[in-house]
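Here's the structure we're looking at; comments come further down.
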Amino acid sequence: MNPDHSLVFIIDDDPSMRASIESLLRSVGHSVKSFASTQDFMRDEQPDVPACLILDIRFPGQSGLEFQRELVKSGLHLPIVFVTGHGDVPMSVAAMKAGAIEFLNKPFRDQDLLDAVHRGLEMSQDRRAEEAMLAELSRRFETLSSREREVMALVVAGRLNKQIAADLSLSEVTVKVHRSQVMRKMGANSLPDLVRFADRLACATTKS
Amino acid sequence: MGQDPLFLLTKTPISRGQWRLAVGVLVALLAALLVTAPFAQVPLENTEGLLLVYATAVFIVELITAALLLALVSVQRSLAVLALSIGYLFSGVMVLPWAVSFPGVPALVNLSETGLQTTAAIAMIRRLGFPLFVLAYALLKESGPNARPPKGWQQNIIFGSVTGVVVIACGLTWLVFTNDDTLPRFMQDAQKVSAVWNFVAATAAGLSVAGLAVLWTRQRSVLDLWLMVVLCTFLIEICLLAYLSSGRLSVGWWAGRVYGLISSSIVLFAFLSETVSNYTRLAHSVSAERRAREARLTAMEALSASIAHEINQPLASIVTNADAGLRWLARSDPDLSEARAALTRIVNDGHRSAEVIKGIRAMFTEGTQDRVPVDANRLIKEVLNRSLSEVKLARVSIRTEFDERLPLVTGCPVQLEQVISNLIANAIDAMSTITDRERVLRITSALHGTDEILVSVEDSGTGMAPNSKGRIFEPFFTTKPDGMGMGLMFCRSVIEAHGGRLWMSDNEPNGAIFHFTIPSANSPATINLTHDHRWKVAP
C-alpha cells in the first residue's frame, strides 16, 4: 500500500484532537484531510483515491452511527475507524456490524489507530481494484454484438459448439467464429477465464 | 433508646392538634353528660341481657389495649408501661365475673344466682384497681434509664405478669364468690347502692384525681394526654353511677356503662391512629428516600460523565500528540518543527485540562449566576415551601416572622438559597432526637442597623456542645454521623462573599440560633464589593 496515493479523512470537532491525529498520520507519511463536522466533509469534493475515514463525534450515539449509515446509503464506500471518548459495548457492536473497521476508545494507542487506518486503506484499495476490473469487463462486454452475447451465454452455460449451433440454427463453423471473437473481445485466455468474467458481470448486474 | 427518635405512643410529644382533639373529646363527653343528667333516674327494665354484650366489648377492648401496651413494653423496657398494661389486663379480666354475677344475669346463662354483694365487690376491685395502675404508671414513667430492667427480661416478666394477673383475678373472684356473707354491705337491694358504696366511689374518684394530677405535671407523650382523658371519663362514669343514677339499670347507670366503654377504648383508638399515622409516615419516607436517591444518582451520573468527558478529551489529545511527536523525532531525518508543534499542543491541552478542573471546582464553590437584587423574605419562603415534606416528616412546626419592609440585597440567589436550605436542614437534624418537647423551627427576618438585613434560623434541638461551638465553621468538622463537615463552612464563605456575617448563638431554653447579615442593595458596603469584584468564594 503506497500512502502517497491514498488519503485519510478526519472528522473531529475538537481542533486539538484533530491536529494531533493529523500530525500522527503525517509522521508516518499519510496524506490527511480533516474536517470539523460531517457536514463540512460531505460538502467537500472527494478526490478519486483510496481513502479511509477517522470519525470522532462528541457523544457519538446516534449521530455517529447515523452518519455511517448515511455514507453507505449514498454509495460512498468509505472504511470508517471510530474514535470516541466514551463508547459503550452496544455502540461499538452496532458500529462494527454496520461495517466499521475499528472502534477505538480515547485515549488510544497510536499503533492501534495506524493499523486500523492501514487496514482501511487496503480495503479501500481492494475495493477500487475490484470496481476498476468490473468497469473494464463491462466495457469489453459492451463491444460484443448481440449474436456474440447469445453465443457467450451458451458457452459459459457449458453447451458444446454443436449444441449451440442447433440452439441458434447456425452452422457449427459460424458458432466457432463467434466464439473466438468473444474470447478475443473479452480478453479471456481460456474457457474458465470467460466463465469467471461472466460470473463477475452477473454478480455486478444482480447487485445493482 | 436515647438516640433513636422512635415514633411510639410513649415517645411522641403532644402536638397542638392532639391537645385540641383531647379537649374536644372531653367537652363532647361532658355535653353528653349534661344531656343525660335529667333522665338519669329513669329506670330501664329487663336490660340485663345487654350487660353480657357490654362486658364482652369491654373485655375485648381492654385485652387488646393490654396486648398493645405489652408490645410497647417489649420494645421500650419500661416498668411504667408494664404497670399500665397490667392495669388494663386486670380490669379486662375482672369484667367477666362482674357481668356473670350481676343480679338477673346468671339466670340468663343457666347459673345459680350469687350473693347480693358479689357484683358490687368485684366492681369495687375494678374501680379501685384501674386508677391505681394508672397512678403507678404516672409515678414510674419519670424513672431514668438506670431504673430500667436489663435487656432480655421482657419475655419472662411479660409472661410472669400476665400469669400473675390472671391468677390474682381468679383468686379474688373465688374469694368474693365464696364469702358473700362477710363482704361489706355495698348494696341495699339488687338495684340500690348503700352508703358504703359512696365511700368506694369517693376513693376511686380520689385515686383518679391523684392520677390526673401526677399525669398533668409529668405529661410528655400522647399516651399521657389520652390517659388524662381516660381518667376524666372514668371520673364522669363514677359520678354518674354513684351520685346521678337511681341505681342499677337506670338511664344514668347505663350512661355510666357507656362512659366506661369509652374510657376503655380511648387508648386503643390512640394506638390505632398512631399506627395509621406511623404507617403513612413510613410510606412517605420510603418514597421520599427513593426519590432523593434517584435524583442524587442521576445528578452524580451526569456529573461524573461530564467530568470524565471533559478531562478525557484533552487527555486523549495529549497522548496522541506525544505519540506523533515521538514519531516525528524517530524519523531518519527528525522533523523538529513538527515535534515542536506537537509539544506546543500538549502544553495547550494541559492548560485546557487545568481549566476544566478549575471549572468543576467553581461549580461546587460558587454559583454560576450573576448578582441580582434579591428579596430575602421571598427566598426564605421558597426554600421553606420546597422543604415542606421534610419538615412534615420530621414533625417540626414552623414559625416565621418576616419584616415585610425588608430592603432588597444584592447577591446570587442560588447561593443564598443553598445557605438558607442548609441552615434549615441543620435545624431539622438538630431536633431529630427531641421527643420531650415540641420541635420548633423559627425563621425571622429583620432590619439590622440601618443598612443590613438580619436572618435568624432557630431550632429547639439539642443545641451545640461548648467544645464544638468554636469549630463548627471549620472545614471537615461535623457533629453528624454522616456529615461531610462542609455545610456551615460553605454557608459562611457565601455570606462573607456577600459582605455579611454568619454566627451562632444559643437558643432559650433549648437549641441553637444561626444568624446572618447581608448589607442591603444600596448600602455602601455592597457598592464597594461590586467595584472590587470580590464576589468569588474562597475555595
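Residue numbers (our numbering), protein chains in the order written: chain G, 1 to 208; chain H, 1001 to 1539. For each residue, glycine too, the CB sits at the ideal point set by N, CA and C. Since the model is a prediction, treat every value here as computed from it, not as a measurement.
Hey, how far is the Cα of Phe108/G from the Cα of Lys73/G? The residue labelled residue 108/G in the question sits at position 108 within the first sequence. The residue labelled residue 73/G in the question sits at position 73 within the first sequence. Each residue's alpha carbon lies about 29 Å from the other.
Starting from Ser1505/H, trace the alpha helix (DSSP H) in both directions and tell me its first and last residue. In the second sequence, the residue the question calls residue 1505/H occupies position 505. Note, Ser1505/H: premise wrong, no alpha helix (DSSP H); beta strand (DSSP E) at 1501–1506.
Option in Arg1248/H, Arg1437/H, Val1347/H with minimal Cα separation from Ala1190/H: By 1-based counting over the second sequence, the position of residue 1190/H is 190. Ranked by Cα distance from Ala1190/H, the first of Arg1248/H, Arg1437/H, Val1347/H is Arg1248/H.
Below 8 Å between beta carbons: does that hold for Ser31/G and Val8/G? Taking the first residue of the first sequence as position 1, residue 31/G is located at position 31. Taking the first residue of the first sequence as position 1, residue 8/G is located at position 8. Yes; because the gap between Cβ atoms is below 8 Å, this pair is in contact.
Is there a C-beta anywhere in chain G that falls below 8 Å from the one on Glu1458/H? On the second sequence, position 458 is the one that residue 1458/H refers to. So no, Glu1458/H is outside the interface.
Identify each residue in the segment 1336–1347 of chain H for which the Cβ-Cβ distance to at least one residue of chain G is less than 8 Å, and report them in chain order. Here the close residues are Glu1338, Ala1341, Ala1342, Arg1345.
If you draw a straight line from the C-alpha of Trp1019/H to the C-alpha of Ser1221/H, how long is it? As a working note, residue 1019/H is residue 19 in the second sequence. As a working note, residue 1221/H is residue 221 in the second sequence. Roughly 11 Å separates the two Cα atoms.
Alpha carbon to alpha carbon, how far is Ser1397/H from Val1457/H? Give it in angstroms, no decimals. Position 457 of the second sequence, counted from the start, is the residue given in the question as residue 1457/H. Position 397 of the second sequence, counted from the start, is the residue given in the question as residue 1397/H. About 13 Å.
Specify the secondary structure class of Ser1101/H as computed by DSSP and reduced to three states. Counting from one through the second sequence, the residue named residue 1101/H turns up at place 101. Shown here, Ser1101/H sits in coil according to DSSP, grouped into three states, outside any helix or strand.
Mind listing the chain H neighbours of Leu53/G? Cutoff is C-beta to C-beta under 9 Å, in chain order. Residue numbering aside, residue 53/G sits at position 53 when the first sequence is read from its first letter. Neighbours of Leu53/G on chain H: none; closest Cβ ~17 Å, over 9 Å.
Please confirm whether Ile1420/H and Ile1380/H have their CB atoms less than 8 Å apart. The residue given as residue 1420/H occupies position 420 in the second sequence. The residue given as residue 1380/H occupies position 380 in the second sequence. Cβ distance < 8 Å, so Ile1420/H and Ile1380/H count as in contact.
Would you say Ser23/G reaches chain H, if we count a Cβ-Cβ gap shorter than 8 Å as a contact? Counting from one through the first sequence, the residue named residue 23/G turns up at place 23. By this cut-off, Ser23/G is an interface position.
Check the DSSP bridge columns for Cys52/G and list the partner residues they point to. Here residue 52/G is taken as the residue at index 52 of the first sequence, counted from 1. When beta bridges are read from the DSSP output, Cys52/G appears opposite Val8/G.
Among residues of its own chain, excluding the 5 on either side of Gly1252/H, which ones have a beta-carbon nearer than 6 Å to its beta-carbon? Within the second sequence, numbered from 1, the residue matching residue 1252/H stands at position 252. These residues qualify, in order along the chain: Ala1040, Leu1240, Leu1244, Ser1245.
Please list, in chain order, all residues of the same chain as Thr1047/H whose beta carbon is under 6 Å from its beta carbon, the five residues on each side excluded. By one-based count along the second sequence, residue 1047/H stands at place 47. Leu1249, listed in sequence order.
Would you report the Cα separation of Ala1255/H and Val1035/H, rounded to the nearest angstrom? On the second sequence, position 255 is the one that residue 1255/H refers to. On the second sequence, position 35 is the one that residue 1035/H refers to. Note on geometry: alpha-carbon atoms of Ala1255/H and Val1035/H lie some 11 Å from one another.
Evaluate Glu1237/H with the Cβ neighbour count: other Cβ atoms within 10 Å of its Cβ, from every protein chain shown; 16 or more gives buried, anything less gives exposed. Taking the first residue of the second sequence as position 1, residue 1237/H is located at position 237. So Glu1237/H ends up on the buried side.
Using a Cβ-Cβ distance under 8 Å, would Ser1332/H count as near chain G? In the second sequence, counting from the first residue as 1, residue 1332/H sits at position 332. Closer than 8 Å: no.
Does DSSP put Glu122/G in a helix, in a strand, or in coil? In the first sequence, the residue the question calls residue 122/G occupies position 122. Helix.
Select from Phe1271/H, Thr1233/H, Ser1161/H the residue whose C-alpha is nearest the C-alpha of Leu1223/H. Against the second sequence, residue 1223/H aligns to sequence position 223. Answer by Cα proximity: Phe1271/H.
For Lys106/G, which residues in chain H fall below 7 Å Cβ to Cβ? The residue labelled residue 106/G in the question sits at position 106 within the first sequence. Per Cβ cutoff of 7 Å: Asn1312, Ala1316.
Compare the Cα-Cα distances from Gly1461/H to each of Leu1416/H, Ile1424/H, Asn1510/H and report the closest residue. The residue labelled residue 1461/H in the question sits at position 461 within the second sequence. Gly1461/H has its Cα closest to that of Asn1510/H, out of Leu1416/H, Ile1424/H, Asn1510/H.
Start-to-end residues for the alpha helix (DSSP H) that takes in Ser1445/H: Position 445 of the second sequence holds residue 1445/H. Not the alpha helix (DSSP H): Ser1445/H falls in the beta strand (DSSP E), residues 1440–1448.
If you reduce the DSSP assignment to three classes, tell me which class Ser1287/H lands in. Taking the first residue of the second sequence as 1, we reach residue 1287/H at position 287. Helix at Ser1287/H.
Check Val244/G in the structure and name its three-state DSSP category. Outside the shown range of chain G (1 to 208) lies residue 244/G, about which nothing can therefore be said.
So which residues on chain G does Val1319/H lean against when the C-beta distance must stay under 7 Å? Position 319 of the second sequence, counting from 1, holds the residue named residue 1319/H. Within chain G, the residues near Val1319/H are Pro107.
By a C-beta neighbour count over all protein chains shown, 10 Å radius and 16 as the cutoff for buried, is Ile1357/H buried or exposed? As a working mapping, residue 1357/H is identified with position 357 in the second sequence. So Ile1357/H counts as exposed.
Segment contact, 8 Å Cβ cut-off, at least three pairs: the segment 1054–1063 of chain H with the segment 1074–1082 of chain H: The segment 1054–1063 of chain H and the segment 1074–1082 of chain H do not touch, with fewer than 3 CB-CB distances between them shorter than 8 Å.
Cβ neighbours of Leu1393/H in the same chain (closer than 8 Å, five flanking residues each side left out): Here the question's residue 1393/H lines up with position 393 in the second sequence. These residues qualify, in order along the chain: Arg1281, His1284, Ser1285, Ala1288.
Alpha-carbon to alpha-carbon, Arg1386/H and Trp1503/H: Residue mapping note: residue 1503/H aligns to position 503 of the second sequence, counting from 1. Residue mapping note: residue 1386/H aligns to position 386 of the second sequence, counting from 1. Approximately 25 Å, taken between the alpha carbons.
Could you list the residues in the segment 11–22 of chain G with a C-beta less than 8 Å from some C-beta on chain H, going in chain order? Those would be Asp14, Ser16, Met17, Ala19, Ser20, Ile21, in chain order.
The beta strand (DSSP E) enclosing Pro1373/H, as first and last residue numbers: By 1-based counting over the second sequence, the position of residue 1373/H is 373. If you look at Pro1373/H, you'll find it in the beta strand (DSSP E) that goes 1372–1374.
In terms of DSSP beta bridges, what is Val1457/H paired with? Residue numbering aside, residue 1457/H sits at position 457 when the second sequence is read from its first letter. The beta-bridge partner set that DSSP reports for Val1457/H consists of Ile1443/H, Phe1514/H.
Distance cutoff 8 Å, beta carbons only. Does His1351/H sit that close to anything in chain G? Translated into the one-based positions of the second sequence, residue 1351/H becomes position 351. Between His1351/H and chain G, the shortest Cβ-Cβ separation is not below 8 Å.
Which of the residues in the segment 30–48 of chain G, read from start to end, lie with their CB under 7 Å from any CB of chain H? Result list empty, no residue passes.
How would you call Asp1459/H, buried or exposed, if buried means at least 16 neighbouring beta carbons within 10 angstroms? By one-based count along the second sequence, residue 1459/H stands at place 459. Per the 10 Å Cβ criterion, buried.
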